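Asks:
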Amino acid sequence: MLTLMLVLSSSSGWAQKQKGSSLKTVELCNGSDHVSPEARIDGCTAFIEAGEGALNGFVVAYNNRGNAYSAKADYERAIKDFLEATRLDPNYAKAFNNLGVAYLRTGAHDLAIGAFEEALKLNPNYGAAYANRAAAYLKANAYDRAAQDYDEAIRLDPKLEAARSGRCWTRAVLGALQAALGDCDIVLRSETNNAAAYDSRALINLKMGQFSAAIDDYNSALRFAPKLASALYGRGLARFKLGDTDGGQSDMSAAKRIDARIDEAFVRYGMP
Numbered sequence: 001m002l003t004l005m006l007v008l009s010s011s012s013g014w015a016q017k018q019k020g021s022s023l024k025t026v027e028l029c030n031g032s033d034h035v036s037p038e039a040r041i042d043g044c045t046a047f048i049e050a051g052e053g054a055l056n057g058f059v060v061a062y063n064n065r066g067n068a069y070s071a072k073a074d075y076e077r078a079i080k081d082f083l084e085a086t087r088l089d090p091n092y093a094k095a096f097n098n099l100g101v102a103y104l105r106t107g108a109h110d111l112a113i114g115a116f117e118e119a120l121k122l123n124p125n126y127g128a129a130y131a132n133r134a135a136a137y138l139k140a141n142a143y144d145r146a147a148q149d150y151d152e153a154i155r156l157d158p159k160l161e162a163a164r165s166g167r168c169w170t171r172a173v174l175g176a177l178q179a180a181l182g183d184c185d186i187v188l189r190s191e192t193n194n195a196a197a198y199d200s201r202a203l204i205n206l207k208m209g210q211f212s213a214a215i216d217d218y219n220s221a222l223r224f225a226p227k228l229a230s231a232l233y234g235r236g237l238a239r240f241k242l243g244d245t246d247g248g249q250s251d252m253s254a255a256k257r258i259d260a261r262i263d264e265a266f267v268r269y270g271m272p
């Protein structure tokens, strides 16, 4: 299925100097010079444990350390840090957004949606939070609600490629094929290695009966994501449609080894 492209929000505007803290520690916690997640965690931890500085500094440090833990896929620690950031500052929309991303990556869809809703209450113009909530709705198979959130995300931030890629997939599932095609084409003009967008455009071509074009796009998706079950299964369907029974069966069997319920997913997508 669609590879989720969630949008974490950093806090690059944090003051470069905090009372009692070294500039180097603050820079590490901010992620200056593209430091590793481990170095960022060390910097934020040092700042927090020093116990000196303004309240806002601690809020940002917990948020930044949460982002670093998320980068390491350590979502349990990330969630704890984002929760602490929101406890210290209940009006910090970025931390609620990031908390939602961490919840979503652990499969806690309802908690994720709740966190994104808090972010949007605090900042109704938060395009990334709309895009992330749309991704959560996609995981819950609520395609109409996902489409609405993607529309709002793109209205607020037309350059948010993650939202446009997600809307392409959502529109493809809902059957708005020409509109979906427009979204995917825009994404692929600037992101030629975007497996999710190729996968989405392939589904569009599959639904349109353009089976050779679908296979080409599935091949492109699999070049960048070799274990993408939806691309393998969809390519198998396209091969069946073109009379390649053996090739179709091989692809579909491979897809089901990765995701045993991928055939049920394609029924939801309108392609039994």
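Numbering-wise, the UniProt record's numbering puts 98 at position 98 of the sequence shown, and it's gapless, one number per residue.
Here a beta-carbon is modelled for each residue, glycine too, at the ideal position from N, C-alpha and C.
Just so you know, these numbers come straight off a predicted model, no measurement behind them.
(1) Can the beta-carbon of Val173 be found less than 8 angstroms from the beta-carbon of Tyr75?
(2) Below 8 angstroms on the Cβ atoms is my contact criterion, and I expect Ala136 with Ala112 to pass it. Report the Cβ-Cβ distance as a whole number of Å.
(3) Excluding the 5 residues preceding and the 5 following Leu242 in the sequence, name in chain order all residues of the same chain whose CB lies nearer than 8 angstroms to its CB.
(4) Can Leu232 be considered in contact with the ligand MN, in the sense that its beta carbon sits closer than 7 angstroms to one or more heavy atoms?
(5) For Ala78 and Gly31, what's the separation of their Cα atoms in angstroms?
(6) Rounding to the nearest angstrom, what Cα-Cα distance links Gln18 and Ala54 in this structure?
(7) Short check: CB of Asn98 to CB of Phe82, under 8 angstroms?
(8) Go ahead and pull the three-state DSSP assignment for Val35.
(9) Just verifying my parser: in three-state terms, what is the DSSP assignment at Gly107?
(10) Taking the C-alpha atoms as reference points, what is the distance between Thr3 and Tyr198?
(11) Going by beta carbon distance, what residues of the same chain come within less than 6 angstroms of Asp183, once the five residues before and after it are set aside?
(12) Figure out for me which residue from Asn194, Asn141, Phe96, Gly127 has the closest Cα to the Cα of Asp151.
(13) Using the C-alpha atoms, what's the distance from Ala221 back to Phe58?
(14) Which of helix, strand or coil does DSSP assign to Tyr233?
(15) From Arg40 to Leu28, what distance separates their C-alpha atoms?
(16) Whose C-beta lies closer than 8 angstroms to the C-beta of Met271 among residues of the same chain, with five residues either side of it excluded?
(17) So what does DSSP say about Arg257, is it helix, strand or coil?
(18) Sort Lys94, Met252, Arg105 by Cα distance to Leu120 and report the nearest one.
(19) Going by alpha carbons, who is nearest to Tyr69 out of Ala108, Glu38, Arg145, Phe96?
(20) Just to confirm before moving on: does the CB-CB distance between Ala134 and Asp110 stay below 8 angstroms?
(21) In this structure, how does DSSP classify Glu84 when only helix, strand and coil are distinguished?
(22) I'd like the list of long-range same chain contacts for Leu232, defined as Cβ closer than 6 angstroms, with 5 residues on each side in sequence excluded.
(23) Note the first and the last residue of the continuous alpha helix (DSSP H) segment covering Lys159.
(24) Please report the straight-line C-alpha distance between Asp259 and Lys72, rounded to a whole angstrom.
(25) Assign Gly43 to buried or exposed, taking buried as 16 or more other Cβ atoms, counted over all protein chains shown, within 10 Å of its Cβ.
Replies: Short version:
(1) A distance of 8 angstroms or more separates the beta carbons of Val173 and Tyr75.
(2) 5 angstroms
(3) Phe211, Ser212, Ile215
(4) In the structure shown, the ligand MN is absent, as is every other ligand, since no ligand is present at all.
(5) 16 angstroms
(6) Low confidence applies to Gln18: its pLDDT is 46, below 50, so where it sits in the model is not reliable, and the reading given next is rough at best. Linking Gln18 to Ala54 through their CA atoms gives a straight-line distance of about 7 angstroms.
(7) yes
(8) coil
(9) coil
(10) Residue confidence is low: Thr3 scores 34 on pLDDT, short of 50, so the model does not pin down where it sits. Its coordinate-derived value is still stated next. Between Thr3 and Tyr198, the C-alpha separation is close to 11 angstroms.
(11) Arg164, Arg167, Cys168
(12) Minimum Cα distance to Asp151 is reached at Gly127.
(13) 42 angstroms
(14) When DSSP states are grouped into helix, strand and coil, Tyr233 belongs to the helix group.
(15) 5 angstroms
(16) Leu203, Leu206, Lys207, Gly234, Leu237
(17) helix
(18) Taking each of Lys94, Met252, Arg105 in turn and checking the Cα distance to Leu120, the smallest one comes out for Lys94.
(19) Nearest to Tyr69 by C-alpha distance, out of Ala108, Glu38, Arg145, Phe96, is Glu38.
(20) no
(21) helix
(22) For Leu232, where only same-chain residues beyond five positions count, the Cβ hits under 6 angstroms are Asp251, Ala254, Ala255.
(23) Looking at the DSSP string, Lys159 is not in any alpha helix (DSSP H), and its letter there is neither H nor E.
(24) 24 angstroms
(25) buried
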